[in-house]
Amino acid sequence: MSAVDTGTRTRDVLGASALRPDGIAKVQGTFQFSSDLGGDGVLWGATLRSPHPHARIIRIDVSPAWKIAGVESVITADDVPGQMTYGLIDQDQPVFASDVVRFVGEPIAAVAADHPETCRRALAAIVVEYEVLEPVLDPEAVVAGTAPAIHPNGNVLRHQRILHGDPSVTGDIVVEATYDIGMQDQAFLGLEAALAIPDPGGGGVELHIATQWLHEDRKQIADCLGMAPEQVRLVLAGVGGAFGAREDISLQVHTCLLALRLGRPVRMHYSRAESFLGHVHRHPATIWMRHHATAAGEIVKVEARFVFDGGAYASTSSAVLLNAITHTQGPYRCPNAVVDGWAVRTNHLPCGAMRGFGVVQACFAHESQLDKLAEACGLDPVEIRVRNVMHTGDRMITGQVMQNVAPIERCLRETAALPFPDEPVGGHDGDVMRLPGGAGRTADVGHVYRGIGYAAAMKNLMYSEGFDDYSTARCRLADGVVTLKFATAEVGQGFVTLAPQIARDVLGVDEVVLDRIDTGVGSAGSSSASRQTWMSGGAVNAACIAVRDRLFEHVAARHGVEAASLRIDGIEIVDESGALRLSVADASAGVEFDETREYHHPPTEDLDENGQGNCHTAFAFVAHRAVVDVDPDLGLVKVVQVATAQDVGRVLNPLSVVGQVEGGIAQGLGLAVMEEIVQIDGRIRNASFTDYLLPTMLDMPPVVMSFVEEPEPLAPLGAKGVGEPPTISSTPAIVAAIRDALRQAGREPRLDRVPVRPIDIIGVHERPRT
Amino acid sequence: MSEHYTLHVNGVERAVQDAWVGENLLYVLRERLGLMAAKGACEQGECGSCSVLVGGNLVCSCLVLAASAVGEPIVTVEGLAPPGAPSDVQQAFVDCGAVQCGFCTPGLIIAAHDLLDRTPEPTEMQIREELSGNVCRCTGYGRIIEAVQQVAVARRTADAGAAS
Amino acid sequence: MTVLVPTSLDEAIAGLAANGGATLLAGGTDLMVEVNEGHRHFPWPDDGATIIALHRVPELATWTYDVPAATVVLGAGVTWATIEQPPLRDLVPALAEAARTVGSPQIRNAGTVGGNLATCSPAGDGLPVLAALDADVTLLSAGGRRTMPVRDFMLGVKRTALQPGELIESITVPVLQGWQGYSKVGVRNAMVIATASACVATDVPSRSIRIALGSVAPTVVRCPVAEQFAVERVDWDALTVDAGDAVEFGRLAAAASRPIDDHRSSAEYRRHAVAVMAQRLLQRAFPGGER
Ligand SMILES: Cc1cc2nc3c(=O)[nH]c(=O)nc-3n(C[C@H](O)[C@H](O)[C@H](O)COP(=O)(O)OP(=O)(O)OC[C@H]3O[C@@H](n4cnc5c(N)ncnc54)[C@H](O)[C@@H]3O)c2cc1C
Ligand code: FES
Ligand code: FES
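Residue numbers (the numbering used here), protein chains in the order written: chain H, 1 to 770; chain R, 1 to 164; chain Z, 1 to 291.
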């Protein structure tokens, strides 16, 4: 239950808990997800994947597949008409492997057939002969330069240093440790699926796809198809969650190739097992950090070394690494820094974007360090953090000055002030489900210790490092009805709820129609990096204002008043004198205003070789407190409550923010205690929901929250993005609470890796009793 | 593909022609009968997105061999309420913010209906246990629990009103 | 038609006799996972083999309490959802506790005790309980009936004594007089496969204590040494046990396990977990002692 009042609604303008326009369709099952598209005569596509982490392809014989009744097409790299590789930053990933495979699951061929089972049998019939090669699996070997190159572009995806201030400074108190973060999967529920419909004559193709970024997909697809971008039209099909996993190409090119080849519509759906292989994951990382502080607990220097395992292909590894190292300091002042970061190529699954984008890994390390500092200084965890918080105007370790609102202390203090759970260990009703182990009845109340942990985070918003980040929106007003068009991917976050709220606010209308989300308008950029409220919100706002200006001119001309004297009041237009008052519906009767606008955020720059530069746009902040019950002898945990205060700038839709906060925390909880892709010898061992565990309703506790509202002057609507921060410091807060519980049980907990496994909890040594 | 059989779905007899014997009920509902509400996110019984009622029992349709479900009433989300006239549970999900991407939603709607039919006033822990087979990756569950509680209260109030 | 849906036991047996290679299907929660993954190949595209779906055979879906014999006879098709609830919960509490840990409500509504036994996974939650309670399994074929202890029925990982043409008809579970309970370790608080599990069952009149372990060997393990030790150490009048004895009981139980390392956990952790669970279960059974 949130402490937040989601309010009563009068008009669904900004600030109201407007309801999702697609809500009724979703609860009634009529909303069309990408996997719901098909129809009679649409063929099924499927992908053949490498069973080896590293091997040379000697021979591919697809002829046995052709002999199976119902098989319509079989394609390999030979059938790629355009560019053979794709990628978001470096185009280093083959559409189909033809000479070498670099990870288990790499696509080699695709088939189209009349039934999924025919596809399965056709794939099984394809013969691929491999010469198995030694895989490169140790990122440190790549850093050390001892691993052979597994790609023509080399194995170092990025190496970046940060040197700031005086590297020779030392502190009275020094704490250090090495932290490990496991590979997390986005695990959206709506599996990859697409429907490709070729144009008659094959001069183009329309792809209905669940993606985060229509225009970037289109560019990469068109390149591989050897077509101009205009020949490839993308339509957003219903997206069943994204969380970063839909930023890269997966089945897009394959589906289009099959459809174009056959001149028939083709759809492709991944299975869950395939999905684990078919999209990028959160980078596993090893992070060493050493903090220097004064005896009073003031941080004077941080030293760190980051090694991110990017897997076989580049994806966004270089940007993820940048994010990680530039967030080494967390939301804390730090005058001196020496940081070394590596993102390397191995024969593991490729890694890229996932909610938090590099900052999750950095935050687990810096927050664990802050707790160590607190202990060394004799301060409580909130106090050590408050003592070090950054403020607007402070210089960061990149030399960049924090320009935006930075209410970190408020986040911390408000989090600490939120109510604690009123149930004791085991609860008042004695339901076993309240104890660690749940229905497994592993513990009795006397075996369980309750711990409390805190953490805080800073997260950059939008794209960084000189990227021209923008979004486009078109607004049309006619007869009192507004129609909005944009290419902003609705992935569940609720932009389709927000955009009409903006239009109602700016234009004083109630009826807002959303046009189809497709490439028929300019790019909106990606639904990632907590950027769409700011960026596409900014674009919709700008387009609506442009229409409003024209409406005012029109009204001014007709009524002989100054356009500048007009403003919107509810659903009416009034002039300053109060003499004129007419409804927007009447004012716009019989006329039509249509404006398209782009919103660009202020430019950013690259880092120099010492990691200095104004590389980020703006930042948001958050604090978390976790209460966790721990069974130290079995190593099982039950998260009892998470409390959070988040810097949101301005709440545009309370219900939407609550949803982002609770959902983000659930993913942070997953990383803290259960979610990890396990790869052994380069092979994924848990590519299923049986073994890749997601938090259920019995794992996710109630969340209490408070919104820290300090409108952001830099943001078009005063609002900061809210999607990523909840995921970031919830993880270290939960781990801190486990450590606290273990301390009470007389153990000396390290817990320097996530997810925390039972073995990590019981593996700790008894603290020597003195 | 040689299987021909009849399923009793949402009160209607539906003929299935020329099916493959290995098809599960989720596939047949979606691909052969055009009932797209039930979703597949794992086809292993682990996510609950495909939940339907078979013979009055809440089950994962991905684990039901379609041809074995002959002769039993099957209820999907399409059978709960007509389009545009959502049930109380459906409306509460929308009102409470229990829907984000919505992929888990149809399965949860069926499961919540089933829960409230059997246990009209579930405790929070009962809701959590009864709906633990329905994974949602977006919401963190808080609003879903809220929606179920809201319906329970509304139904009790309505009953009390009817009784007095 | 290649899917038979018999509505009586005779019909099921006749179908089985007529189709030697038929695959039996109960709740489908094990079998259909294999089918969906393509591990179980059904004939394609045409028929040949037969599936016999058992869920509408009334004899298999019911259970009886034989009061004089002090046994519960569970039809193979009784679901976990039924076992989880009273009255079965009161007659065989440990089995009900195990039932509550099986998958999710959806899985428990479909999954059956017979399917669990026939699958014979090392992690099957029903198995340690049935082994601890010394349950018997009755197998039926056109040729007749045979009954054997569940412990003899389980031969190894997914291997049982079931012969072609046979089905599991019922499982006979003694109703004991004394505390019994089940514990299962998994990383999640719901819907999780056992990393390790244990069942302790006691019968006070006969002064008997049994412990069986799951997920720590190819099939369920009973621990005679630990059982004997506990029988000797428990104060049967006060129904208490010393804390130190409970720890030793746990150690002996762990010593009987033969766990492996896999992607879910390590052998070391499994052994440790068994010791802790066994100790705690014995203390729950005999709660008077100091902890
Ligand atoms: C998501 C999920 C979670 C699960 N969680 C658990 C868990 O926590 N604990 C656990 O123990 N199991 C779990 N299982 C496995 C499964 O649910 C159980 O083993 C269940 O008891 C199987 O019963 P069933 O009726 O569904 O078997 P089916 O799948 O119908 O059959 C399984 C096997 O038994 C054979 N069989 C069935 N009935 C008979 C009979 N009468 N005579 C002879 N052979 C027969 C079948 O031919 C088949 O080989 C889970 C499964 C899923 C999908
Ligand atoms: S699709 Fe059936 S439970 Fe996931
Ligand atoms: S709303 Fe997206 S999975 Fe539940």
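Glycine included, every Cβ here is placed at the ideal spot set by N, Cα and C.
Status (buried if at least 16 other CB within 10 Å, exposed otherwise) for residue i
i: I761 of chain H; result: buried
i: D152 of chain Z; result: exposed
i: F243 of chain H; result: buried
i: R143 of chain R; result: buried
i: Y420 of chain H; result: Looking at the sequence shown, residue 420 of chain H is not Tyr but Phe. It is exposed - the Cβ of F420 of chain H has fewer than 16 other Cβ atoms within 10 Å.
i: I221 of chain H; result: buried
i: T346 of chain H; result: buried
Contact with chain B by residue i, beta-carbon distance below 8 Å
i: Y5 of chain R; result: Protein chains in the displayed structure are H, R and Z, and chain B is not among them.
Residues near residue i in its chain [Cβ-Cβ closer than 6 Å; skip 5 each side]
i: R739 of chain H; result: P749, L751
i: D453 of chain H; result: The identity of residue 453 of chain H in the sequence shown is Gly, whereas the question assumes Asp. Cβ within range, chain order: A626, A733, A736, A737, D740.
i: D47 of chain Z; result: At D47 of chain Z the pLDDT is 48, less than 50, meaning the model places this residue with poor confidence; the figure from the coordinates comes in the next sentence. Answer for D47 of chain Z: T2, listed in chain order.
i: P198 of chain H; result: V205, A259, L260, G263
i: G341 of chain H; result: Q160, F306, L321, I325
i: V127 of chain H; result: D61
i: S104 of chain Z; result: M191
i: A542 of chain H; result: R597, Y599
i: A187 of chain H; result: L694
i: N686 of chain H; result: V678, Y692
Inter-residue Cα distance where the pair is residue i and residue j
i: I773 of chain H; j: S50 of chain H; result: This structure leaves residue 773 of chain H out entirely; chain H is present only between 1 and 770.
i: D518 of chain H; j: L669 of chain H; result: 34 Å
i: Q612 of chain H; j: E465 of chain H; result: 11 Å
i: V491 of chain H; j: E134 of chain H; result: 39 Å
i: G330 of chain H; j: G352 of chain H; result: 21 Å
i: Q532 of chain H; j: G721 of chain H; result: 7 Å
i: E367 of chain H; j: R757 of chain H; result: 19 Å
i: G570 of chain H; j: P654 of chain H; result: 20 Å
i: I209 of chain H; j: F552 of chain H; result: 39 Å
i: I162 of chain H; j: M462 of chain H; result: 21 Å
i: A455 of chain H; j: N614 of chain H; result: 26 Å
i: G154 of chain H; j: V142 of chain H; result: 10 Å
i: F619 of chain H; j: P632 of chain H; result: 38 Å
i: S250 of chain H; j: P86 of chain R; result: 36 Å
i: H164 of chain H; j: R121 of chain H; result: 59 Å
i: A18 of chain H; j: A499 of chain H; result: 11 Å
i: A212 of chain Z; j: A132 of chain Z; result: 5 Å
i: D24 of chain H; j: D88 of chain R; result: According to the sequence shown, residue 24 of chain H is Ile rather than Asp. Spanning the two alpha carbons is a distance of roughly 12 Å.
i: H616 of chain H; j: C101 of chain R; result: 29 Å
Nearest-angstrom Cβ-Cβ length linking residue i and residue j, presumed shorter than 8 Å
i: R625 of chain H; j: T415 of chain H; result: 5 Å
i: A46 of chain H; j: M390 of chain H; result: That belief does not hold up - the Cβ atoms of A46 of chain H and M390 of chain H are roughly 51 Å apart, past 8 Å.
i: V157 of chain Z; j: P218 of chain Z; result: 5 Å
i: C256 of chain H; j: G82 of chain H; result: 11 Å between Cβ atoms; not a contact.
Chain-order list of residues whose beta-carbon lies under 7 Å from that of residue i (same chain, five-residue window excluded)
i: T79 of chain Z; result: G27, R108, N109, A110, G111, T112
i: A70 of chain Z; result: P174, V175
i: G40 of chain R; result: L26, S49, C50, C62
i: P45 of chain Z; result: Note that P45 of chain Z scores 48 on pLDDT, short of 50, meaning its location in the model is unreliable and no value can be drawn from it.
i: L252 of chain Z; result: C223, V225, A226, F229
i: Q97 of chain Z; result: The sequence shown places Glu at residue 97 of chain Z, rather than the Gln named in the question. Counting only Cβ-Cβ distances below 7 Å, and skipping sequence neighbours, we find G181, Y182.
beta-carbon residue i near ligand 4 non-hydrogen atom, thresh 7 Å
i: A41 of chain R; result: For ligand 4, the structure offers nothing, since it holds only ligand 1, ligand 2 and ligand 3.
8 Å CB neighbourhood of residue i in its chain, flanking five on each side removed
i: D78 of chain H; result: S98
Beta carbon nearer than 7 Å to a non-hydrogen atom of ligand 3: The answer, residue by residue, is H:L189, H:G240, H:G241, H:G492, R:V99, R:Q100, R:C101, R:G102, R:F103, R:C104, R:T105, R:C136, R:R137, R:C138, R:T139.
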